[in-house]
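Visitor:
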Ligand SMILES: Cc1ncc(C[n+]2csc(CCOP(=O)(O)OP(=O)(O)O)c2C)c(N)n1
Ligand SMILES: Cc1ncc(C[n+]2csc(CCOP(=O)(O)OP(=O)(O)O)c2C)c(N)n1
Ligand SMILES: [Mg+2]
Ligand SMILES: [Mg+2]
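Residue numbers (this note's numbering), protein chains in the order written: chain A, 1 to 319; chain B, 1001 to 1319; chain C, 2001 to 2346; chain D, 3001 to 3346.
1. Which of helix, strand or coil does DSSP assign to residue 3077 (chain D)?
2. Do you know offhand how far residue 2166 (chain C)'s Cα is from residue 2145 (chain C)'s?
3. Please confirm if residue 3129 (chain D) has its CB atom under 8 Å from at least one CB of chain C.
4. Using a Cβ cut-off of 9 Å, which residues of the region 3181-3210 of chain D contact any Cβ in chain B, in chain order?
5. Are the beta-carbon atoms belonging to residue 2059 (chain C) and residue 1145 (chain B) less than 8 Å from one another?
6. Sorry if obvious, but does the Cβ on residue 1205 (chain B) come closer than 7 Å to a heavy atom of ligand 4?
7. Just to check, is the beta-carbon of residue 1172 (chain B) closer than 7 Å to a non-hydrogen atom of ligand 6?
8. Around the C-beta of residue 116 (chain A), are 16 or more other C-beta atoms found within 10 angstroms, so that it is buried, or is it exposed?
9. Closer than 9 Å between beta carbons: that is the criterion. Which residues of the region 2039-2061 of chain C meet it against chain B?
10. Cβ of residue 1241 (chain B) versus every heavy atom of ligand 2: is any distance shorter than 7 Å?
11. Are residue 2182 (chain C) and residue 2231 (chain C) touching if we call contact CB-CB under 8 Å?
12. Along the beta strand (DSSP E) that carries residue 1199 (chain B), what are the first and last residues, could you check?
13. Using a Cβ-Cβ cut-off of less than 7 Å, give me the residues of the region 2245-2267 of chain C that come near chain D, in sequence order.
14. DSSP on residue 189 (chain A), reduced to helix/strand/coil?
15. Quick one: list the residues of chain C neighbouring residue 149 (chain A), beta-carbon separation under 7 Å, in chain order.
16. If I'm right that residue 2075 (chain C) touches residue 2021 (chain C) with Cβ under 8 Å, what's the distance once you round it to whole angstroms?
17. Going by the C-beta, is residue 1238 (chain B) closer than 7 Å to any heavy atom of ligand 1?
18. Report buried or exposed for residue 3132 (chain D), applying the criterion of at least 16 other Cβ atoms within 10 angstroms of its Cβ.
19. Output yes if chain C places a C-beta closer than 8 Å to the C-beta of residue 3305 (chain D); else output no.
20. What is the DSSP secondary structure of residue 3176 (chain D), reduced to helix, strand or coil?
21. Looking at residue 1114 (chain B) and residue 1170 (chain B), is the spacing between their C-beta atoms short of 8 Å?
22. Shorter than 8 Å from the beta carbon of residue 3110 (chain D) to some beta carbon of chain B?
23. Do residue 1109 (chain B) and residue 3114 (chain D) have their C-beta atoms closer together than 8 Å?
24. Could you check what DSSP says for residue 3275 (chain D) in three-state terms: helix, strand or coil?
25. Among residues of its own chain, excluding the 5 on either side of residue 1155 (chain B), which ones have a beta-carbon nearer than 6 Å to its beta-carbon?
26. Classify residue 1170 (chain B) as helix, strand or coil using the three-state DSSP reduction.
27. Terminal residues of the continuous beta strand (DSSP E) containing residue 1232 (chain B)?
28. Counting only runs of 4+ residues fully inside the region 3233-3258 of chain D, write out the alpha helix (DSSP H) ranges in chain order.
29. Quick test of the definition: if touching needs 3 or more C-beta pairs under 8 Å, does the region 1275-1282 of chain B touch the region 1051-1070 of chain B?
30. Can you pull the chain B residues whose beta carbon is under 9 Å from the beta carbon of residue 153 (chain A), in chain order?
31. Span of the beta strand (DSSP E) holding residue 1108 (chain B)?
32. At 4 residues or longer, and completely inside the region 113-183 of chain A: list those alpha helix (DSSP H) runs for me, N to C.
33. CB of residue 3083 (chain D) to nearest heavy atom of ligand 1: below 7 Å?
34. Using the C-alpha atoms, what's the distance from residue 3038 (chain D) back to residue 3237 (chain D)?
35. Just to confirm my understanding: we take residue 2191 (chain C), look at its own chain, exclude 5 residues before and 5 after, and list those with CB closer than 8 Å. What are they?
36. If I'm right that residue 2286 (chain C) touches residue 3281 (chain D) with Cβ under 8 Å, what's the distance once you round it to whole angstroms?
Rendered as structure tokens:
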């Protein structure tokens, strides 16, 4: 990976991380009146996968969508405006954290009901095939979503129709506080989908270069013979399911060791990679400083921005 | 197989076949005002599977349930009474052909919405585990039901909980007129479920002894280590999806050859087996004659039976 | 061009016209492409427009509804077909949590032009699982439109309007209407949101949905012979609802029976009765009466099924009761009969 | 025994009592067994009764609802819990096509004693996908019972009655009620199907569901200061509905506002208004007024959310409007405020 490319990836990772760390700081002031599902630990997956996508690709996600939104849009101001419920947010404050979208950037929808954007993404991929365009559609979802029937229905249909859709499973082994072992009646995720007519791959979602290699490989195969692909990336959810805090001490899981934390932190890990390919500590510091200012500005602007007027309650229902 | 056992199986097969052939004769008189999904060609699966079940087992099925109902209950009079919409039917005429049940015989429910009894059967199996009883629960469903998300949710949960439930897929390769190839995004049914933590087996559903062997094998394994089992049996649907007629000439599939028909007719095929193990043509004829009288009686009794009184409209809604 | 065609042909014609004029329109769903073609309504579409624009699907109502939504968000105009409205219960999550909300949550950026067609109504012993209408349930969710055509002309015109509408539209077709024949002017546009007065009268307004209009028209004829002129108002669109036409009629007649093709409790009939009671308060000579399904699951056997569904006779008896009239002897009156026209197996 | 406990504790106590007295009662659903224990309502059940009688599940609402049904048909009394009623839309097929019908289709042979518990109501920016009530939708299907408790006593007593009921019961709990504290007599039985008069008055009846009762009681206090005595009737059970208590109150007060915690159109509010308009025809001084959610998806941002939900203030203004009174100056009036009591993140 070239330095420039790597630094631009780093910038995205840092932006997401700092934005979410800022939320952690600000959240307890009770001004962001929206549930926040933070993705600290998961940033590498959105950043890595989206890095590989051809222009014009479209994405779908879940309520745990901050990383995806910031990766795809880079729109810090809009992001915070929505979290603060302000008119200038992408959903005018109607959406909140769980429903961020930016159709103009290809981020079509995210949803707070688990699994629900999966078939919608497949429909978007069907539209590409229908129109004879060859845009790629990507849908990100948690491991828990695979337990919903709609996942299997969607996978089946996409495979049947050879659609150009990437199913990206962000596997933290948890659904809220429930471990995978208490939810899965199958041996492993990749084995469970193995009989479906799509490409399969997976790896460590904390390792950005690995995510990129893996995604590139399946995208290449998809371009040779269109078929869906199923990507499985594991990661550690560093924080509680929803909210700004850690929760290693409440009893359902143990705190990772220092080494584990370092290995599973996609930002720290990518910093090592950056240094390995010749970036300097100053390079990294420069990125962090620039992002910090961006985030500070976003929060401040959002805090000072106006709410939607009462009449906005009634708009945007029907076209 | 002993002669006696074989003849009792034969009696069931013949009962189902003759009952359905009788429906075919009578149906166009428009007195049975209920949609009939005939199972001619499928009899071997219900008869074979149910033959292996320990006493106290419970079953669930679909709208294509005549074979199952007659196998489990032997109740010809109730069967026809329900088809004619009469009070003495198991559902007082409220159920009709698509919803036959006989909880007192363990046939808990059948349903006209595809896939819907699958989770209910799993719930019944959960109840066995909960109560510490070890009854087996069997759910019969068509191949189309596997496309419904609820199948996967149910399979996953049953495997997770190691429930004693038998999933029996009656695969005629058709969902109404849609062929499997236009509906399945996976390689084969048994491969698609292979990663789930259950026993898997399958075979030719037209071959009763084979169905029995296969079922016995998985039941044996289930008794050694409780887990669900998935059984896959293929068969030929000789008639149209719903209604009394053949439909090989309407264009979506070809008529089977004489040899295919003979091979895929579970009754004819089992007759050969009977002769092989020493039954005489007279033995078979005797069964057929007795059954014929039973069916004639059932139809006549049903035709002459009373309908439910108007007040019955309002009963049985709430307990 | 005007022609005398059946409701099923009218639906088919609407599909053909829209598919001809707009390549983004396509039809999909279980069995839309087989030789039975959803009781004939999708007949010939595969031949005319190819398998990409008319195709069957796996049995996956939930995902297929999401697929329709995703395609609609991508600039297409999908028409997703269910041979029975009951099966839409499998897709309520996509409908009530996604389809109805995504535009709002995107701050108006997403547009969702799609139609969910489904068949409702009696058939051949349809039973509790093949007999729901659900229009009140759908209409309860802001963000959806709900249409119930009655005449072949409305079947045609409202389906075209629904396809052209830029919102999710649930379009419910009564099975018995399929065989009804009527004049259809293929240039006639009927916008969503307008009720129609099918029969004029000044004694009583019957506000009806779907098949209940057919029964009401028959009742109107019978009652006319006794000098009672009842007005039949076909709501046509449940949401948005044409309050003005409905309220206008009731203000004129000062009497109202709501005859909805659904269960009464918490249904569309309740909405109509509540609305009319409020808006016509002081004008009403007597309370608004509601007719609908019996408050039980639909039984299969014909004698009970006949009691389950309201009919022209139910309406006539209700009118007589409300006006304190003696029950007319209607033996020998030729009511719409199922028996002669409709056969099994479905 | 009487004690002063919160609604969440009351629910928990009801579960404990029923699980103690009947080994066939069990609780399952997503997150019932974790440390957050459905906002505390399932707290301690695993410890007390073991993981077989209180367990989490995969994310599979449709199948888990079928599992509850199958277990109920097998002689158990499952309680299936959803942390949000919105997710039940995934299970509407099992609810509306199976659970509500199986007894009928079996000719009365099957009995289906189960409870579906779900949380409704405002939280911390719950949005369009975490804010539905759906009680009118459920109540529309014959064969289901629907319960919406308001007070801790009713949370306790009605949950016990629901568990003991031999039918499928949908039991909906408002999120804000969880923190409300009240006297609970653990021997008090409240059967399903009885409304309660929470506050007596003769000027106007407010018929309310769930949280709207809290708002109505506040409104009643404020209005009392102006000499207006409004009666607050808590429906408690949507289906079966206690028509007698409701109608009796309105006949007395001759004025009625229906304040339902749901959308108005085709909802339970419509049923109440239709019913009252019919049964109290001639007694009403003015039309029945309906209050409920704004006819839009629920927005996330607080200022719009405050407009989306009806409140004590909405009720007061409606009463003033109906009686032609001037708007009281309510600045400084301490209304129930969210801001001080409820925090994120959920
Ligand atoms: C259909 C549905 N059921 C339940 C919930 C409640 N819920 C919210 S997040 C969640 C866990 C989902 O886990 P997973 O898909 O792995 O995503 P993660 O939160 O781990 O990113 C649950 C159960 C929901 N939002 N939607
Ligand atoms: C959920 C649902 N969707 C659609 C239908 C309409 N339908 C009835 S039978 C059937 C085909 C089912 O095929 P399969 O499960 O293979 O059973 P088979 O009829 O072949 O026995 C369909 C689509 C239905 N009854 N239920
Ligand atoms: Mg997870
Ligand atoms: Mg089949």
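Heads up, the beta-carbon is just placed ideally off N, CA and C, and yes, glycines get one too. As the structure is a prediction and not an experimental result, all values here were calculated from the model.
Guide: Reading it off the structure:
1. DSSP places residue 3077 (chain D) in strand when its eight states are reduced to three.
2. For residue 2166 (chain C) and residue 2145 (chain C), the distance between alpha carbons rounds to 10 Å.
3. Taking Cβ atoms only, chain C reaches closer than 8 Å to residue 3129 (chain D), which makes this a yes.
4. Per Cβ criterion, the list is empty.
5. Yes, the Cβ-Cβ distance between residue 2059 (chain C) and residue 1145 (chain B) is below 8 Å.
6. Outside the cutoff, so no.
7. Ligands displayed in this structure: ligand 1, ligand 2, ligand 3 and ligand 4; ligand 6 is not among them.
8. Answer is buried; the Cβ neighbour count reaches 16.
9. Only those residues of the region 2039-2061 of chain C whose C-beta falls short of 9 Å from the nearest C-beta of chain B are listed: 2055, 2056, 2057, 2058, 2059, 2060 and 2061.
10. Flag set: Cβ of residue 1241 (chain B) near ligand 2.
11. Not in contact: residue 2182 (chain C) and residue 2231 (chain C) (Cβ atoms no closer than 8 Å).
12. Element bounds for residue 1199 (chain B): 1199-1204.
13. Within the region 2245-2267 of chain C, 2263, 2265, 2266 and 2267 place their CB atoms closer than 7 Å to a CB of chain D, listed in sequence order.
14. In the three-state reduction of the DSSP assignment, residue 189 (chain A) falls in the helix class.
15. 2062, listed in chain order.
16. Contact doesn't hold; Cβ gap of about 16 Å is too wide.
17. Flag unset: Cβ of residue 1238 (chain B) not near ligand 1.
18. The residue is buried, with at least 16 neighbouring Cβ atoms inside 10 Å.
19. No, no contact with chain C.
20. Note: residue 3176 (chain D) maps to helix in three-state DSSP.
21. Not closer than 8 Å, so no.
22. Flagged as an interface residue toward chain B: residue 3110 (chain D), by a C-beta distance shorter than 8 Å.
23. Between residue 1109 (chain B) and residue 3114 (chain D), the C-beta spacing is not below 8 Å.
24. DSSP places residue 3275 (chain D) in the helix class (H, G or I) of the three-state scheme.
25. These residues qualify, in order along the chain: 1196.
26. Annotated three-state conformation of residue 1170 (chain B) is strand, per DSSP.
27. It spans 1229-1234 - the beta strand (DSSP E) in which residue 1232 (chain B) sits, taken as one unbroken run.
28. Qualifying alpha helix (DSSP H) stretches, in chain order: 3243-3253.
29. Between the region 1275-1282 of chain B and the region 1051-1070 of chain B, the count of Cβ pairs shorter than 8 Å is below three; the stretches do not touch.
30. Here the neighbours are 1147, 1148, 1149 and 1152.
31. Counting along the chain, the beta strand (DSSP E) containing residue 1108 (chain B) begins and ends at 1107-1111.
32. Runs of the alpha helix (DSSP H) inside the region 113-183 of chain A: 117-131 and 149-160.
33. At least one heavy atom of ligand 1 is nearer than 7 Å to the Cβ of residue 3083 (chain D), so yes.
34. Roughly 22 Å between the two C-alpha positions.
35. The answer, listed in chain order, is 2161.
36. Contact holds; Cβ gap of about 7 Å.
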